[in-house]
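Engineer:
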Amino acid sequence: LLGYVDDNFGAAESDELEYYEPYGYYYPRAQVCLLRVWDELGIPHEFKKQVYAPVIPIIGFAVDPNAMTVTMTAESKTALLEAINDFCGPPGSRPRRTLREFLSLAGYANWAFNVFPLLKPSLSNLYDKMRGKDKMNATLHVNLALIDDLKWLERHIKASNGIHFFGAEEW
12 LLGYVDDNFG
22 AAESDELEYY
32 EPYGYYYPRA
42 QVCLLRVWDE
52 LGIPHEFKKQ
62 VYAPVIPIIG
72 FAVDPNAMTV
82 TMTAESKTAL
92 LEAINDFCGP
102 PGSRPRRTLR
112 EFLSLAGYAN
122 WAFNVFPLLK
132 PSLSNLYDKM
142 RGKDKMNATL
152 HVNLALIDDL
162 KWLERHIKAS
172 NGIHFFGAEE
182 W
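Residues 12 to 182 (my numbering) make up the sequence shown, in order.
1. Taking the C-alpha atoms as reference points, what is the distance between Phe124 and Lys169?
2. In chain order, what are the residue ranges of uninterrupted alpha helix (DSSP H) at least 4 long that sit wholly in the segment 18 to 79?
3. Could you tell me which residues DSSP puts in a beta bridge with Arg107?
4. Using a beta-carbon distance below 8 Å, is Asn96 in contact with chain C?
5. When the Cα atoms are used, what is the spatial distance from Pro39 to Val126?
6. Among the candidates Thr82, Arg108, Val81 and Gly103, whose CA atom is the shortest distance from the CA of Ala94?
7. Does DSSP classify Leu13 as helix, strand or coil?
8. Does Ile11 pass the burial test, meaning 16 or more other C-beta atoms within 10 Å, or should it be called exposed?
9. Using a Cβ distance threshold of 8 Å, determine whether the segment 30 to 38 contacts the segment 59 to 75, with at least three qualifying pairs required.
10. Look up Ile174 in the DSSP assignment and say whether it is helix, strand or coil.
11. What three-state label does DSSP hand Thr84 in the structure shown?
12. Looking at C-alpha atoms only, which residue of Val153, His175, Val48 and Leu129 is the closest neighbour of Tyr138?
13. Could you check the C-alpha separation between His167 and Asn148 for me, to the nearest Å?
14. Looking only at C-alpha atoms, which of Leu116, Leu110 and Ser87 sits nearest to Asp97?
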C-alpha cells in the first residue's frame with residue numbers, strides 16, 4: 012500500500028481482493044485493512060477516494076501496473092496541449108505573455124515531465140526569457156525560438172505514450 016498526500020493506493024493480484032461492506036466493493040486486502048483501521052479510529056474517508064482498477068489515476072496520470080506504464084490521461088494531455096497552443100498564439104502571430112503566464116506554463120510542463128522526462132530541454136528558451144524577471148504582470152515577447160521549442164514539445168507529447176518501466180515483455 013502506497014500513499015501520496017491524502018491518497019492511498021496499491022496493487023494486488025485478483026485473488027487477493029476482499030469485500031469492504033460499507034462501500035459494497037472489492038479492494039486489495041491491504042486497502043480493506045487500512046479502511047477498517049480508519050473506521051475503528053473514526054477517521055473519515057470517502058468512496059470516491061478509494062480507487063481500485065486495472066489502471067489507476069494518480070495526480071492526473073494513468074498508472075497501469077500490469078503494463079508497467081505511467082501515462083497522462085487523455086484529458087490531461089488534451090488540456091496541456093491546449094495550454095501550449097494558447098500560449099503560442101495563432102500561427103504567424105508574435106504574442107506577448109505575462110511573466111505569470113510564463114511561470115504557469117513552465118509549472119504545467121514540469122508536471123508533465125513526470126511521464127515525459129526526456130522532453131525537459133524544450134523549456135530552455137522559456138526559462139531563458141524569464142531569467143532575472145520578477146514583475147509578475149510584466150509582458151514578455153514570445154519569440155520564434157520559444158514557439159519552435161514549444162511546438163517540438165507538443166509534437167513529442169502527442170507521439171509519446173509515457174514511461175514504460177520495463178521494455179521487455181518477457182523476463
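Beta carbons: idealized from backbone N, C-alpha and C, even for Gly.
Structural biologist: So, from the data block:
1. By one-based count along the sequence shown, residue 124 stands at place 113. By one-based count along the sequence shown, residue 169 stands at place 158. Straight-line Cα distance between these residues: approximately 14 Å.
2. 40 to 52
3. Numbered from 1 along the sequence shown, position 96 holds the residue referred to as residue 107. DSSP, once it has assigned bridges, lists His152 as partnering Arg107.
4. Checking the listed chains, one finds no chain C in this structure; it contains a single protein chain.
5. On the sequence shown, residue 39 is found 28 positions in, with the first residue counted as 1. On the sequence shown, residue 126 is found 115 positions in, with the first residue counted as 1. Answer to the nearest angstrom: the Cα atoms are 26 Å apart.
6. Counting from one through the sequence shown, the residue named residue 94 turns up at place 83. Comparing Cα-Cα distances from Ala94 to each of Thr82, Arg108, Val81 and Gly103, the minimum goes to Arg108.
7. Looking up residue 13 in the sequence shown gives position 2. Strand.
8. Lying before the first or after the last residue shown, residue 11 is absent from the chain, which here runs from 12 to 182.
9. yes
10. Counting from one through the sequence shown, the residue named residue 174 turns up at place 163. It is a strand residue.
11. In the sequence shown, the residue the question calls residue 84 occupies position 73. Note: Thr84 maps to coil in three-state DSSP.
12. For the purposes of this step, residue 138 is taken as the residue at position 127 of the sequence shown. Closest option to Tyr138, Cα to Cα, is Val153.
13. The residue given as residue 167 occupies position 156 in the sequence shown. The residue given as residue 148 occupies position 137 in the sequence shown. Distance between the alpha carbons of His167 and Asn148 is about 30 Å.
14. Walking along the sequence shown from the start, residue 97 turns up at place 86. The shortest C-alpha separation from Asp97 is found at Leu116.
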